[in-house]
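*Asks:* Using the numbering used here, the first residue of the sequence shown is number 16, and each one after it goes up by one. Every residue gets a Cβ at the ideal spot worked out from N, C-alpha and C, and that includes glycine. Have a look at the structure that comes next, please.
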Amino acid sequence: MHELAITQSILDISLQAAQAQHARRIRAIRLTLGPFSGVVPECVQMYLDVLAKGTIAEGAKIEARTLPLRVHCRACGRDSEIDRRRIACPFCGGVDLQRLSGREFLVDSLEVDV
């Protein structure tokens, strides 16, 4: 359910940015997400379809890009990217990891008609 509030914020940010550029229509909203952001793009799209009715964002599509998860291994001291299916240092196999990224969530860009 938190996607409803998140989607309203995405819509507000997008409308303000588009209006500042005198856009007539928003075609796509591009998001950048960390793997632990908690945002489900399909849910955001569903809420956007409802919330954007009657605005220049009506019919806009959500395009989401997920960033890799970056960690620091306390055992070997190296930074690396891992994936959620294998949570271990790719260099030494250690699991004493400090997360360096993963919660990112931002409106990266818009595709608009001017």
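What are the boundary residues of the alpha helix (DSSP H) that Met30 is part of?
*Replies:* The sequence given here places Leu at residue 30; Met does not occur at that position. From DSSP, the alpha helix (DSSP H) with Leu30 extends over His17 to Ala35.
*Asks:* At the level of alpha carbons, what is the spacing between Ile21 and Gly53?
*Replies:* Answer to the nearest angstrom: the Cα atoms are 10 Å apart.
*Asks:* Does the beta-carbon of Ala72 have 16 or more other beta-carbons within 10 angstroms, so that it is buried, or is it exposed?
*Replies:* Answer is buried; the Cβ neighbour count reaches 16.
*Asks:* Under the DSSP definition of a beta bridge, which residues are partnered with Val127?
*Replies:* DSSP, once it has assigned bridges, lists Ile41 as partnering Val127.
*Asks:* Counting pairs of beta carbons, one from the region 57–68 and one from the region 21–31, are three or more of them closer than 8 Å?
*Replies:* These segments touch.
*Asks:* Cα separation between Val110 and Arg100?
*Replies:* One C-alpha to the other measures close to 13 Å.
*Asks:* For Arg93, which residues of its own chain have a beta-carbon under 6 Å away from its beta-carbon, when the five flanking residues on both sides are left out?
*Replies:* Here the set comprises Phe106.
*Asks:* Short of 6 Å in beta carbon distance, which residues of its chain neighbour Ile28, apart from the five on each side in sequence? Order them along the chain.
*Replies:* Once the five neighbours on either side are set aside, the close Cβ partners of Ile28 are Val122.
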